[in-house]
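Participant:
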Amino acid sequence: MRTALLVLALAVTAALVGCTAQASTPPGPVETAQVIMPKSYRFDPVAIQVPAGTTVTWANQDNFTHSVSVTTGGFPLLSLSPGQSGSMTFNDPGEYNYICTYHAQNMKGKVVVVAR
Ligand SMILES: [Cu+2]
18 MRTALLVLAL AVTAALVGCT AQASTPPGPV ETAQVIMPKS YRFDPVAIQV
68 PAGTTVTWAN QDNFTHSVSV TTGGFPLLSL SPGQSGSMTF NDPGEYNYIC
118 TYHAQNMKGK VVVVAR
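Each residue of the sequence shown is one higher than the one before, counting from 18 in this note's numbering.
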């Protein structure tokens, strides 16, 4: 019993140390599950970070139709008219780059999925 508690304490300490190391890294992805497409032709924030299993929502607030297409595949293509929102769920940790297929040169974003 005492050993189990000690192991737990060590695990918690390790987790805290991990958090501290992550917090000190320079500006990375924003921790949010909401991405806006404001005027004009961009994703905001460009890079987000979510825990595994999170449903991420994109809201098109621009005057043009945009899409969200994860470049590695395996995800639905979201095509969003002005004023529309769409979402998809990210279950596996990893980095998922995505583009708007209509404006692939200008509109690129990233979802970083971390283990819970
Ligand atoms: Cu677009």
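Ideal Cβ positions, reconstructed from N, Cα and C, are used throughout, including at glycine.
Predicted model, so just to flag it, every value in this text is computed and none were measured.
Note down, in chain order, each residue of its chain lying with its Cβ closer than 8 angstroms to the Cβ of Gly45, except the 5 sequence neighbours on either side.
Facilitator: Excluding residues within five positions, the ones whose Cβ falls inside 8 angstroms are Ala64, Gln66 and Val129.
Participant: For Leu95, count neighbouring Cβ atoms within 10 angstroms of its own Cβ and tell me buried if that reaches 16, exposed if not.
Facilitator: By the neighbour-count rule (16 or more Cβ atoms within 10 Å), Leu95 is buried.
Participant: Rounded to whole angstroms, how far is the Cβ of Ala50 from the Cβ of Asn108, which I believe are closer than 8 angstroms?
Facilitator: About 14 angstroms separates the two Cβ atoms, so there is no contact after all.
Participant: What are the start and end residues of each continuous beta strand (DSSP E) run of 3 or more residues lying completely inside the stretch 56-125, in chain order?
Facilitator: Counting only runs of 3 or more, we get 64-68, 71-77, 83-87, 95-97, 102-107 and 111-116.
Participant: With a 10 Å radius around its C-beta and 16 neighbouring C-beta atoms as the bar for buried, classify Ser84 as buried or exposed.
Facilitator: Ser84 is buried by the Cβ-count criterion.
Participant: Cβ-heavy atom distance between Tyr115 and ligand 1 below 6 angstroms?
Facilitator: No, since every heavy atom of ligand 1 falls outside the 6 angstroms radius drawn around the Cβ of Tyr115.
Participant: When the Cα atoms are used, what is the spatial distance from Thr88 to Gln78?
Facilitator: Approximately 23 angstroms between the Cα atoms of the pair.
Participant: What's the gap between the Cα of Val73 and the Cα of Pro93?
Facilitator: Val73 and Pro93: Cα-Cα distance of roughly 12 angstroms.
Participant: Under the criterion of a Cβ to heavy atom distance below 6 angstroms, does Met105 qualify as lining ligand 1?
Facilitator: The answer is no for Met105.
Participant: In whole angstroms, what is the alpha-carbon distance linking Ser102 and Ala132?
Facilitator: When rounded, the distance between both Cα atoms is 26 angstroms.
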